[in-house]
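Worksheet for the structure shown next.
Number of protein chains: 2
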Amino acid sequence: MSATLYIIGVGPGDPDLLTVKALTLLRQCPVIATPTASLKGHSTALAIVRQALSAKEMQEKEIVELHFPMQKIHRDQEPEAEVLQAWQEAVQKIVAKLRQGKSVAFPTLGDPAIYSTGYYLYMTITEIYPQAGVRFVPGISAMSSCSANTSAPLCLGDDMLAVIPATFSDKRLRQVLESFDTIVLMKVHKVMDTLIPLLHDLHLIENAILVERVGMTDERVMSDLTVFLGKEGQVQQVHYFSTIIVKKRDSFVRLRSKITHTFLAPRTA
Amino acid sequence: MSATLYIIGVGPGDPDLLTVKALTLLRQCPVIATPTASLKGHSTALAIVRQALSAKEMQEKEIVELHFPMQKIHRDQEPEAEVLQAWQEAVQKIVAKLRQGKSVAFPTLGDPAIYSTGYYLYMTITEIYPQAGVRFVPGISAMSSCSANTSAPLCLGDDMLAVIPATFSDKRLRQVLESFDTIVLMKVHKVMDTLIPLLHDLHLIENAILVERVGMTDERVMSDLTVFLGKEGQVQQVHYFSTIIVKKRDSFVRLRSKITHTFLAPRTA
Numbered sequence: 073m074s075a076t077l078y079i080i081g082v083g084p085g086d087p088d089l090l091t092v093k094a095l096t097l098l099r100q101c102p103v104i105a106t107p108t109a110s111l112k113g114h115s116t117a118l119a120i121v122r123q124a125l126s127a128k129e130m131q132e133k134e135i136v137e138l139h140f141p142m143q144k145i146h147r148d149q150e151p152e153a154e155v156l157q158a159w160q161e162a163v164q165k166i167v168a169k170l171r172q173g174k175s176v177a178f179p180t181l182g183d184p185a186i187y188s189t190g191y192y193l194y195m196t197i198t199e200i201y202p203q204a205g206v207r208f209v210p211g212i213s214a215m216s217s218c219s220a221n222t223s224a225p226l227c228l229g230d231d232m233l234a235v236i237p238a239t240f241s242d243k244r245l246r247q248v249l250e251s252f253d254t255i256v257l258m259k260v261h262k263v264m265d266t267l268i269p270l271l272h273d274l275h276l277i278e279n280a281i282l283v284e285r286v287g288m289t290d291e292r293v294m295s296d297l298t299v300f301l302g303k304e305g306q307v308q309q310v311h312y313f314s315t316i317i318v319k320k321r322d323s324f325v326r327l328r329s330k331i332t333h334t335f336l337a338p339r340t341a
Numbered sequence: 073m074s075a076t077l078y079i080i081g082v083g084p085g086d087p088d089l090l091t092v093k094a095l096t097l098l099r100q101c102p103v104i105a106t107p108t109a110s111l112k113g114h115s116t117a118l119a120i121v122r123q124a125l126s127a128k129e130m131q132e133k134e135i136v137e138l139h140f141p142m143q144k145i146h147r148d149q150e151p152e153a154e155v156l157q158a159w160q161e162a163v164q165k166i167v168a169k170l171r172q173g174k175s176v177a178f179p180t181l182g183d184p185a186i187y188s189t190g191y192y193l194y195m196t197i198t199e200i201y202p203q204a205g206v207r208f209v210p211g212i213s214a215m216s217s218c219s220a221n222t223s224a225p226l227c228l229g230d231d232m233l234a235v236i237p238a239t240f241s242d243k244r245l246r247q248v249l250e251s252f253d254t255i256v257l258m259k260v261h262k263v264m265d266t267l268i269p270l271l272h273d274l275h276l277i278e279n280a281i282l283v284e285r286v287g288m289t290d291e292r293v294m295s296d297l298t299v300f301l302g303k304e305g306q307v308q309q310v311h312y313f314s315t316i317i318v319k320k321r322d323s324f325v326r327l328r329s330k331i332t333h334t335f336l337a338p339r340t341a
C-alpha cells in the first residue's frame, strides 16, 4: 500500500511560509483530514491551506472532519477510555482512506516538532494500524517567524535557548529565566497574571516582547509589557496564540525601533 | 530607496524545504550575496539556491562574493579591528548594490533564528548604513527537519526544550541535560570525546541520536551512539553539520525501528 498519511506543518499563518514540499504534498493528496472547527488552532491550519491552494484545487479535495475531544492528554498517563475511543474513531476515518489507496494530508499549525497534536494522531494510528505509512513535513514555527519579523535571532554565538510552557511553577520558570539567554514562553495567555510580575521581579520585563497571532494578517507585537503591571486579577486580553520571547543579549530594547507590526512580503501570484 | 537586503533561511539542504516566500524573493532579487566558498556552510546555502532555481534564473543573477574572516566573533566583546574591517568591506559591496536600487538576497543555511551568521551581517549593515532596508525570512531549521525525519517531536505537552552549543563546560551541560526533557546539542563535532562519556554517565546515551547533514542527500542518522564509547582520544569522524538530540520522553529508543536514513519526498517538477 503506497497511500501515506502526511502530517504537514503549514507555518504560523502566512500561506507563503509553507514549504514547497508542503504545498506539493497538499496538492497531491486527494484527502485532507482536519479536526472539527471547534478545536482552536486547527481550523486555522485548514484556513492557511485554503489560502495556499486555488479554489479549484480545494473543490477537488475530500475533507475528512475528525472529532477530537478537547481534553488535554497527559503523556505519562493513559488517556481516559472515552478520550481514547474518540481518538481511535477519528483515526479509523483516516485508515479507511488509506485502505482505499488515498493519501491523506493532516495540516498542523506551525511546525509539527513544537507542541503539535499531530503526534497524538501519529501515536494513535501506529498503535491501531501499524502498517500505515506516516510522514512528517516540517514547518516554520511561530517562534522562528517571530524572530524573523523582529530581526532578532533566537540564539547566536554561544547562546542557550529554552522553549518552555509558561504554565510551569514560578520556581521552575524562574530557574530557566535566570540561566538561559533566550527563553521562549509558550501558552502564556492563561498565566499573564503571575508571569508578568515574575518577569518584572527578575528585571527581565524590558527584555521581553509578546507576539500575538504571528504571521497572520492581524499579527500584533507588544514591545512594552509593563502595561500589564499592576493589573493582576483582571482578565488580560491576550490571544490564545500568544508567545513571549525573553532575550538577554541583543535584547529587544535596542531593536524596538525596528519592530514592525506586520511583515507581509508580496504574495506569490 | 526600495531596494532591500533579504536574509533568507533556505532550510537544511532539500531545496523543497524552502518556503514559497523564500523562493519568490530569491527569484525577484537581481543580486545574490554569498560568503566565499571557503566558509563552511555558506557554499552549501548557495548550492541549495542553485538547486531551487532554474539554470536560466541563476544565469541572470549577479553573484556578489563576500570575504568574511573565519574567525569566531564573540558577541560581548568588540571584534578585532581587522575582522571588523573585513566585515565592513564585505557589507559595502552589498550597500553599493542597494544604492543602485537592486535588492540583494543573502541565503543562509537552515533558519536565520538559530545560530546564523546572517545576524552579524545585519548588525554590521545597520551600523554603517542605517537607512538600509533589511528583512529576515524564516527557514526550516536542522533540528526541525531532524524531528520530522525521525517522527519524533522536539516537545509535546508540557515538555521543556533546550537548544545549546555542546561546547559548554561539562558542569553546565550536565545541568541542562538533567533538567530538560529534550536537549538539542549543536556544534558537537569538536567535543565528541567528552560529550559521549557525559551522556553515558547520565544514562542518556540510549536516548540520543546523532544526525549528520540533515536534509541533504547524504543525510545520516546514527541511533546507537555507544559505538563511540571507549574511543576517546581518537578523531571521531562526524561531520561539521552534526546535531545530537537527546529525548527523555518518547525517547528514540522505541522509535528506532521507524528511523529512516533519508526521507526524500518526490521533487517538485
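These protein sequence lines are chains A and B, in that order. Take the first sequence: its letter number 147 is residue 219 in this note's numbering, and every next letter is one higher. Take the second sequence: its letter number 85 is residue 157 in this note's numbering, and every next letter is one higher. Each residue gets a CB set at the ideal place from its N, CA and C atoms; glycine is no exception.
C-alpha distance - residue i paired with residue j, whole-angstrom precision
| i | j | result |
| --- | --- | --- |
| Lys259/A | His311/A | 10 angstroms |
| Cys218/A | Arg285/A | 10 angstroms |
| His275/B | Leu245/B | 14 angstroms |
| Val299/A | Arg292/A | 15 angstroms |
| Pro237/A | Thr315/A | 10 angstroms |
| Pro202/B | Val256/B | 35 angstroms |
| Thr196/A | Pro107/B | 46 angstroms |
| Asp88/A | Val92/B | 5 angstroms |
| Ile345/A | Gly190/B | Because chain A in this structure spans residues 73 to 341, residue 345/A falls outside the shown range and cannot be described. |
| Pro84/A | Val283/A | 12 angstroms |
| Asn221/B | Ala214/B | 10 angstroms |
| Val155/B | Leu118/B | 23 angstroms |
| Met288/A | Ser223/A | 17 angstroms |
| Cys227/B | Ala153/B | 42 angstroms |
| Leu138/B | Ile212/B | 24 angstroms |
| Gln309/A | Leu297/A | 13 angstroms |
Same chain, Cβ closer than 7 angstroms to residue i, five either side skipped, listed in chain order
| i | result |
| --- | --- |
| Val121/A | Val82, Leu98, Ile104 and Pro179 |
| Met130/A | Arg122 |
| Ile200/A | Gln160 and Val163 |
| Lys169/A | Val103, Val136 and Val176 |
| Val263/B | Ala238 and Thr239 |
| Leu95/A | Ala124 |
| Gly229/B | none |
| Thr266/A | Asp242 |
Short CB-CB distance (under 7 angstroms) between residue i and chain B
| i | result |
| --- | --- |
| Val286/A | no |
| Ile186/A | yes |
| Tyr191/A | yes |
| Phe208/A | yes |
| Val260/A | no |
| Ile212/A | yes |
| Asp290/A | no |
| Asp183/A | yes |
Other residues of its chain near residue i: CB distance less than 6 angstroms, five sequence neighbours each side excluded
| i | result |
| --- | --- |
| Phe252/A | Met232 and Ala234 |
| Phe208/B | Ile79 and Pro184 |
| Leu271/A | Ile277 and Ala280 |
| Val167/B | Tyr201 |
| Ser188/B | Thr180 |
| Lys165/B | Val136 |
Short CB-CB distance (under 7 angstroms) between residue i and chain A
| i | result |
| --- | --- |
| Pro13/B | Any question about residue 13/B goes unanswered here, given that chain B covers just 73 to 341. |
| Ile166/B | no |
| Ile255/B | no |
| Val235/B | yes |
| Met232/B | yes |
| Asp273/B | no |
Residue i at chain D interface by Cβ criterion, 7 angstroms
| i | result |
| --- | --- |
| Met130/B | As a matter of chain content, chain D is missing from the structure shown, whose protein chains are A and B. |
Proximal residues to residue i (C-beta, below 8 angstroms), its chain only, five neighbours per side dropped
| i | result |
| --- | --- |
| Gln172/A | Ala75 |
| Glu134/B | Pro102, Val103, Ile104, Lys169 and Lys174 |
Problem - Interfacial residues, the region 216-228 of chain B to chain A, with Cβ spacing under 8 angstroms - result: From the region 216-228 of chain B, only Ser216, Ser217, Ser219, Ala220, Asn221, Ser223, Pro225, Leu226, Cys227 and Leu228 have a Cβ closer than 8 angstroms to chain A.
Handout entry: Positions along the region 237-252 of chain A whose CB lies within less than 9 angstroms of some CB in chain B
Key = If the cut-off is 9 angstroms between Cβ atoms, the region 237-252 of chain A has Pro237, Thr239, Phe240, Arg244, Gln247, Val248, Ser251 and Phe252 near chain B.
Exercise for the section: Using a Cβ-Cβ cut-off of less than 7 angstroms, list which residues of the region 88-110 of chain B approach chain A; keep chain order. Expected result: Here the close residues are Asp88, Leu89, Leu90, Thr91, Val92, Lys93, Leu95, Thr96 and Leu97.
Practice task
Mind listing, in chain order, the continuous beta strand (DSSP E) runs of no fewer than 3 residues lying wholly within the region 206-254 of chain B?
Solution key: List check, beta strand (DSSP E) in window: 233-237.
Exercise for the section: Let me know the alpha helix (DSSP H) ranges lying completely inside the region 256-319 of chain B, each 4 residues or longer, listed in chain order. Expected result: With a minimum length of 4 residues, the continuous alpha helix (DSSP H) runs that stay inside the region 256-319 of chain B are 264-273.
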